[in-house]
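The block underneath contains the structure these notes are about, expressed in structure tokens.
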Amino acid sequence: MILRFLFTRSEFRGTLILASGVIAVRLLMSAAGHPDIPPEEFLPEKPEEVSEQSKKKADKIEINSADSTRLLDLNGIGPVFARRIVRYREALGGFIAVGQLLEVYGMDTIRYEGFISQIYLDTSHLIKLDVNRATFKQLLAHPYLDYEQVKAVCRFRERKGKLEAPGELWAAGVLPDSLRKSLRQYLFAGQDSVQKEARGFVK
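In structure tokens:
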């Protein structure tokens, strides 16, 4: 009983009670048919670790697929701006750059900078216009084209026939170079049968 001299009487009594409790639990488990499981097995499982980058990505909003309700989670965006963003996105065919949100009616840099860190962009949702099949009305509905430009495109199609690539519209001077960067990614020439088409549009 060397241990008896290493503890005070109260400490020794407490140690005996604790040891008795552990032995009693193990005896009960053995009687119930449980194997002798190490104490650490009774601890709750640790939750899987999620990387900080994954958590940040999960918290962000993808602006080409989010509906107006989801957009309400953005700082400074209420129902009016949420609807405007969705309407403008649909008119464009999707955003190709987050900076296009500054083109939404009434959007200013202060509001924009308030939520820019909360969003990200997936351009796989982009819906393109078929320059060979889109109607006058469909072309005119795009925010980057005006009435005279659409007329010029339609006249060029009638005169030339099927376009091989949208770039012909700029090569022939039908559209101004100032539109090339902003509009080019929204157009395709419809000979590509692999793409899914609908009313002159493709996704």
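Numbering (this note's numbering), first residue to last: 929 to 1131.
For each residue, glycine too, the CB sits at the ideal point set by N, CA and C.
The model shown is predicted, which means the values in this text are computed figures rather than measured ones.
Rounded C-alpha distance that separates residue i from residue j
i, j, result
"Gly1027", "Ile989", "15 angstroms"
"Lys1079", "Lys1088", "14 angstroms"
"Ser1052", "Glu1076", "30 angstroms"
"Asp1050", "Ile1038", "24 angstroms"
"Glu1086", "Pro1094", "15 angstroms"
"Glu1018", "Leu1103", "22 angstroms"
"Asp1074", "Asp1036", "24 angstroms"
Proximity test, Cβ basis, 9 angstroms: residue i and chain C
i, result
"Arg1011", "The structure shown contains no chain C; it holds only a single protein chain."
Residue i - DSSP class collapsed to helix/strand/coil
i, result
"Tyr1114", "helix"
"Lys1079", "helix"
"Lys1090", "coil"
"Gly1095", "coil"
Sheet register partners of residue i (DSSP bridge)
i, result
"Glu990", "Tyr1048"
Residues near residue i by beta carbon distance below 8 angstroms, same chain, minus five either side
i, result
"Cys1082", "Phe1064, Leu1067"
"Ser1121", "Because the pLDDT of Ser1121 is 39, which lies under 50, any placement of that residue in the model is unreliable, and the number read from its coordinates should be weighed accordingly. Once the five neighbours on either side are set aside, Ser1121 has no close Cβ partner at all."
"Leu1000", "Gly1006, Pro1007, Ala1010"
Contacts around residue i, its chain only, beta-carbon distance under 6 angstroms, and the 5 residues preceding and following it disregarded
i, result
"Tyr1016", "Val1032"
7 angstroms Cβ shell around residue i - same chain, five flanking residues per side excluded
i, result
"Gly1098", "Going by the sequence as given, residue 1098 is Trp instead of Gly. Correct list, in chain order: Asp1105, Arg1108."
"Arg1112", "Pro1094"
Short Cβ contact (9 angstroms threshold) for residue i with residue j
i, j, result
"Gly1021", "His1070", "yes"
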